[in-house]
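To start, the structure itself, in structure tokens.
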Amino acid sequence: MRNTVGLDISKLTFDATAIVGNAEYSAKFDNDSKGLNQFSDRLKSLGCQNLHICMEATGNYYEEVADYFAQYYSVYVVNPLKISKYAESRFKRTKTDKQDAKLIAQYCRSAQESELVKRQKPTDEQYRLSRMIAAYAQIKSECAAMKNRHHAAKDEEAAKAYAQIIKAMNEQLEV
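Mind the numbering: the sequence shown is residues 134 to 308 in this note's numbering, read in order.
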């Protein structure tokens, strides 16, 4: 079985659970350069060269952690739906970030090799393009919601304000 580390990452912190052999280690770190260094030191202290680090692709908080550790370890960024389905198959409901980190480590440990795709750090241009696509989709979704509010507006001033916002959003979508 592979030695794994599951990470549950949020804006300010990340929880880590390492499963090495039959031993299990858990800790929480700040999601900043100091926390990354502390986590890196902790990984080195495990004395295990062949670690597989797994995390969910949620928001963009995982990117810096994934890119940093992909230089040294096998890193996998997994669709959260896969982790959720894995939890269901094991009849597990997680309530805490620590439990989520453990579940992610267990998933990484039991997943087939074909299910795990190693992280390759995207180029700056790929990151920029990905963020532009996400922004476009978000503006488009917000514009649709704003159109619904505009149609439902019962006040002329409110309808006028919605129309101005919709116009500005459409201009952004054309850029």
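Glycine included, every Cβ here is placed at the ideal spot set by N, Cα and C.
Predicted model only: the values in this text are computed from it and were never measured.
Using a 10 angstroms sphere on the CB of residue 205, the tally of other CB atoms stays under 16, which defines it as exposed. Within the same chain, Cβ atoms closer than 7 Å to the Cβ of residue 295 are found at 279, 282, 283 and 286, the five residues on either side in sequence being excluded. Residue 184 is classed as buried because its beta carbon has at least 16 other beta carbons within 10 Å across all chains shown. DSSP, reduced to helix, strand and coil, places residue 161 within a strand of the structure shown. The DSSP-derived three-state label of residue 172 is helix. Segment contact: the region 169-189 against the region 147-161, three or more CB-CB distances shorter than 8 Å; contact assigned. Around the Cβ of residue 238, a 10 Å sphere holds 16 or more other Cβ atoms; the residue is buried. In this structure, the straight-line span from the alpha carbon of residue 167 to that of residue 231 is close to 20 Å. In this structure, the alpha-carbon of residue 174 lies about 45 Å from that of residue 306. Within the same chain, Cβ atoms closer than 7 Å to the Cβ of residue 299 are found at 276, 279, 280 and 283, the five residues on either side in sequence being excluded.
For residue 212, there is no enclosing beta strand (DSSP E), as DSSP marks it with neither H nor E. When the five nearest sequence neighbours on each side are left out, the beta carbons in the same chain lying within less than 7 Å of the beta carbon of residue 169 are those of 198 and 201, in order along the chain.
When secondary structure is reduced to three states using DSSP, residue 188 falls in the strand class.
Residue 257: member of the alpha helix (DSSP H) spanning 257-285, first to last residue.
In the displayed model, residue 251 falls within a strand according to three-state DSSP. For residue 217, the secondary structure class from DSSP, reduced to helix, strand or coil, is helix.
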